[in-house]
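For reference, the structure discussed in these notes is given below.
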Amino acid sequence: MGQINKHSDFWYHVAAFAMILVWGISFLNTRVLLDAGMTPTEIFVARFTIAYLSLLVICRFKVRYTGWRDELLFVVCGVAGGSAYFIAENTALKLTLISDVAVLVSTAPLTTALMGAIFYRDERITWLTCLGMVIAFVGSVMLALKDGLVWGDSILGDLLALLAAFVWAFYSMALKRLNRTYTTLFITRKLFFYGVLSALPLLAMEDSQVNWATLKQPEVWGNLLYLGLICSMAAYFIWGITVKRIGAVRASNYFYLSPIISMIAAAIWFGERTTVLAYIGCVLILAGVIIAEKFKRKPVPEPNQ
3 MGQINKHSDF
13 WYHVAAFAMI
23 LVWGISFLNT
33 RVLLDAGMTP
43 TEIFVARFTI
53 AYLSLLVICR
63 FKVRYTGWRD
73 ELLFVVCGVA
83 GGSAYFIAEN
93 TALKLTLISD
103 VAVLVSTAPL
113 TTALMGAIFY
123 RDERITWLTC
133 LGMVIAFVGS
143 VMLALKDGLV
153 WGDSILGDLL
163 ALLAAFVWAF
173 YSMALKRLNR
183 TYTTLFITRK
193 LFFYGVLSAL
203 PLLAMEDSQV
213 NWATLKQPEV
223 WGNLLYLGLI
233 CSMAAYFIWG
243 ITVKRIGAVR
253 ASNYFYLSPI
263 ISMIAAAIWF
273 GERTTVLAYI
283 GCVLILAGVI
293 IAEKFKRKPV
303 PEPNQ
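Per the working numbering, residue 3 is the first one in the sequence shown, and the count goes up by one each step.
Here it is, written out as structure tokens:
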């Protein structure tokens with residue numbers, strides 16, 4: 003029976019890897035849009051609006067009352083897994099290297115594990131997990147200080163990337179609760195809606211006007227469609243199904259590949275180079291997250307399962 007389950011899970015692992023590949027390359031798509039003159043908030047609102055409208059087109063729209071507690075969790079998903087995460091990440095990409103952002107964001111499974119241990123009794127962490135977190139934190143500091151103790155755009159970008167990893171943990175915790183009651187498609191649609199809604203005040207404060215000439219450029223609308231349809235609509239939906247099938251811990255292991263994918267892609271397309279200290283920091287971060295996840299205790303089954 004175990005052998006059959008392993009075989010049946012194979013394509014879910016392939017799907018998890020494919021989504022990480024898509025998200026790893028998406029850093030480059032965002033950088034292209036930033037270089038074209040779009041703001042971090044504009045990019046986020048555009049990609050999530052495309053994703054939300056696409057879902058409404060391909061799926062039957064159905065209003066459903068969820069109760070204020072669950073609706074609040076949907077808001078948390080939209081903000082933590084949408085507006086706060088991507089605006090922080092997009093701004094970081096504007097200030098520092100793509101490779102730096104990819105590595106720092108990959109610490110999200112660590113913050114998720116720590117928050118899970120705080121909010122859920124069925125999630126436990128060991129002292130080796132804590133050691134891994136410390137190693138990853140040291141690596142993050144080394145990466146942030148790769149250019150020396152100088153406060154500027156680069157270190158601010160690194161801090162924003164860490165902030166993105168931190169807020170993703172709130173999304174993961176809310177998603178875990180919602181997965182018990184709602185379908186992946188319903189959660190994804192709600193996430194897109196509240197993500198866009200929560201970002202509109204920030205967009206209004208920017209007081210920026212849409213540059214239609216820029217949007218007409220093939221590289222701009224092409225990258226927006228890719229981010230909206232592939233990286234948002236399809237990826238979030240497939241990721242939700244994958245997490246339900248193989249579990250959040252096993253699926254999150256694939257996040258470790260994202261920095262490697264992003265660093266290779268950034269070196270090829272943008273010619274990014276970095277310092278020896280940054281490379282050491284990258285190794286420590288990856289080592290830390292692997293140690294933390296590998297030696298994490300298995301979740302205790304919930305009473306109703």
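Here a beta-carbon is modelled for each residue, glycine too, at the ideal position from N, C-alpha and C.
Length of the line joining the Cα atoms of residue i and residue j
i, j, result
"residue 261", "residue 172", "21 Å"
"residue 190", "residue 277", "39 Å"
"residue 132", "residue 204", "36 Å"
"residue 144", "residue 264", "19 Å"
"residue 182", "residue 18", "21 Å"
"residue 233", "residue 227", "9 Å"
"residue 273", "residue 69", "50 Å"
"residue 309", "residue 101", "Only positions 3 to 307 of the chain appear in the structure, and residue 309 is not among them; the question remains open."
"residue 60", "residue 128", "44 Å"
"residue 134", "residue 111", "11 Å"
"residue 10", "residue 16", "11 Å"
"residue 23", "residue 195", "25 Å"
"residue 184", "residue 87", "23 Å"
"residue 305", "residue 178", "Here residue 305 scores only 42 on pLDDT, less than 50, and its place in the model should not be relied on; the value that follows carries that caveat. Approximately 16 Å between the Cα atoms of the pair."
"residue 220", "residue 25", "21 Å"
"residue 288", "residue 98", "19 Å"
"residue 225", "residue 207", "25 Å"
"residue 37", "residue 95", "10 Å"
"residue 237", "residue 21", "6 Å"
"residue 159", "residue 77", "26 Å"
"residue 152", "residue 170", "Here the model assigns residue 152 a pLDDT of 49, short of 50, so the residue's position is not dependable and the matter cannot be decided."
"residue 138", "residue 286", "6 Å"
"residue 115", "residue 75", "19 Å"
"residue 40", "residue 71", "36 Å"
Residue span of the alpha helix (DSSP H) that contains residue i, given as start and end
i, result
"residue 43", "42 to 60"
"residue 234", "From DSSP, residue 234 is part of no alpha helix (DSSP H); its letter is neither H nor E."
"residue 87", "86 to 97"
"residue 191", "186 to 208"
"residue 260", "260 to 271"
"residue 104", "100 to 107"
"residue 182", "Neither: residue 182 is in no alpha helix (DSSP H) and is coded neither H nor E."
"residue 81", "Where residue 81 is concerned, there is no enclosing alpha helix (DSSP H), given that its DSSP letter is neither H nor E."
"residue 221", "220 to 227"
Own chain partners of residue i with C-beta closer than 8 Å, once the 5 adjacent residues on each side are dropped
i, result
"residue 282", "141, 144"
"residue 186", "239, 242, 243, 246"
"residue 136", "290"
"residue 30", "100, 264, 267, 268, 271, 272"
"residue 56", "230, 231, 235"
"residue 58", "191"
"residue 199", "80"
"residue 93", "42, 159, 162"
"residue 12", "none"
Spatial neighbours of residue i in its chain, beta-carbon cut-off 7 Å, leaving aside the 5 residues before and after
i, result
"residue 217", "223"
"residue 167", "106, 107, 109, 110, 113"
"residue 201", "43, 46, 47, 85, 89"
"residue 14", "244, 247, 248"
"residue 28", "229, 233"
"residue 2", "Summary: the structure shown does not reach residue 2, with the chain confined to residues 3 through 307, and so no result is reported for it."
"residue 6", "Confidence in residue 6 is poor, its pLDDT being 45 and thus under 50, which makes the residue's placement too unreliable to answer from."
"residue 256", "18, 19, 22"
"residue 34", "221, 225"
Same chain, Cβ closer than 6 Å to residue i, five either side skipped, listed in chain order
i, result
"residue 253", "18, 244, 245"
"residue 52", "230"
"residue 284", "105"
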